[in-house]
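S.K.: In this note's numbering, the protein residues as written are 188 to 447. Got a structure here, written out as structure tokens. Questions coming.
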Ligand code: DAK
């Protein structure tokens, strides 16, 4: 994998993707979004990947938004097309087979917060700032922010955040449920890796199905969601991992899952 705007490392089933445009605070331009889409297609085929971490390069920002300078000359059709590019890539991320942890190491604004919200959950450094400041630029969020923020924080907070365009501290974001953990900045990546490593030792098929079930249950009526869970619960009894997990418990051993 060779990308100009991304760097990637993998160790023991855990991949770490770094968004790499530090001079522009990792702002999302067209090239970066295109490369991110290509990266996700490739990585989703990797059978030895069990958890992915996404973070930003440099010590200031996760991602400071969509690239404002690149948006300057867009007309309405171009803006819609740019919005679709970002929406499609973030949707691809959301449905990636393995869990994705956003390690937010500074500013996560606009498209940066939209990227983090397409991950499974957000760990943030103690100095992080999160928000959707698009209305300050006379814009609205265009990469899924009006859709996903409400699911994270509820209707009222989503509207408050979007209309004011304010930046929120990681502590505030933790208090209203956008961030699941706050870490001292120096410890953020190690904490994300530790959590990813723990996840990678769980049944990979089970984790992937749980991700899909939790994601999809939000769009289904209660009975349909229960039925979907039931059939996935049944399907998992066809896997080798289920035998490995249950036998390990009975024999008082640690399971060594195969992901099958
Ligand atoms: N885009 C492009 N460049 C950016 C950038 C961005 N979002 N954010 C920062 N940079 C660049 C700065 O221009 C500066 O570059 P030089 O001037 O050195 O060439 C460099 O990064 C360092 O930034 P600062 O000098 O400003 O650093 P500070 O520490 O002083 O300030 C800051 C940090 C994060 C508070 C500030 O940079 C800032 O306010 N940045 C913009 C944050 C923001 O408003 N983000 C939301 C962007 S809007 C849509 C699709 C998508 C979207 C909307 C519509 N459609 C297609 C309809 C999404 C929109 C957004 O995400």
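All C-beta atoms in this analysis are idealised placements derived from N, C-alpha and C, irrespective of residue type, glycine included.
Report the option in 218, 216, 320 whose CA atom is closest to the CA atom of residue 354.
M.R.: What you label residue 354 is simply residue 167 of the chain shown in a count that begins at 1. It is 320.
S.K.: By a C-beta neighbour count over all protein chains shown, 10 Å radius and 16 as the cutoff for buried, is residue 339 buried or exposed?
M.R.: Working through the chain shown from its first residue, we reach residue 339 at position 152. The residue in question, residue 339, is buried, as its Cβ has 16 or more Cβ neighbours within 10 Å.
S.K.: Within the chosen definition, does the segment 393–413 reach the segment 261–268 through at least 3 CB pairs nearer than 8 Å?
M.R.: At 8 Å Cβ cutoff, the stretches do not touch.
S.K.: For residue 395, name the three-state secondary structure that DSSP assigns.
M.R.: In the chain shown, residue 395 corresponds to position 208, counting from 1. Residue state, collapsed to three classes: helix.
S.K.: How many Å lie between residue 438 and residue 432 at the Cα?
M.R.: The residue given as residue 438 occupies position 251 in the chain shown. The residue given as residue 432 occupies position 245 in the chain shown. So the alpha carbons of these two residues sit roughly 10 Å apart.
S.K.: Over what stretch of residues does the alpha helix (DSSP H) that includes residue 224 continue unbroken?
M.R.: Taking the first residue of the chain shown as position 1, residue 224 is located at position 37. Here the alpha helix (DSSP H) through residue 224 covers 217–230.
S.K.: Classify residue 282: buried if its beta carbon has 16 or more other beta carbons within 10 angstroms, exposed otherwise.
M.R.: Taking the chain shown and counting its residues from 1, one reaches residue 282 at position 95. Exposed, since its Cβ has fewer than 16 Cβ neighbours within 10 Å.
S.K.: Locate the beta strand (DSSP E) running through residue 205, then write down its first and last residues.
M.R.: Within the chain shown, numbered from 1, the residue matching residue 205 stands at position 18. From DSSP, the beta strand (DSSP E) with residue 205 extends over 201–206.
S.K.: Please list, in chain order, all residues of the same chain as residue 305 whose beta carbon is under 6 Å from its beta carbon, the five residues on each side excluded.
M.R.: Residue 305 sits at position 118 when you count from the first residue of the chain shown. Excluding sequence neighbours, residue 305 sits near 277, 280, 281.
S.K.: Which same chain residues, not among the five before or five after residue 335, have their C-beta less than 8 Å away from its C-beta?
M.R.: To locate residue 335, count along the chain shown from 1; it is residue 148. The residues are 301, 304, 305.
S.K.: Can you determine whether any heavy atom of the ligand DAK sits closer than 7 Å to the C-beta of residue 212, and answer yes or no?
M.R.: Position 25 of the chain shown, counting from 1, holds the residue named residue 212. Residue 212: yes, Cβ under 7 Å from the ligand DAK.
S.K.: Going by the beta-carbon positions, is the gap between residue 254 and residue 214 smaller than 8 Å?
M.R.: Numbered from 1 along the chain shown, position 67 holds the residue referred to as residue 254. Numbered from 1 along the chain shown, position 27 holds the residue referred to as residue 214. Yes.
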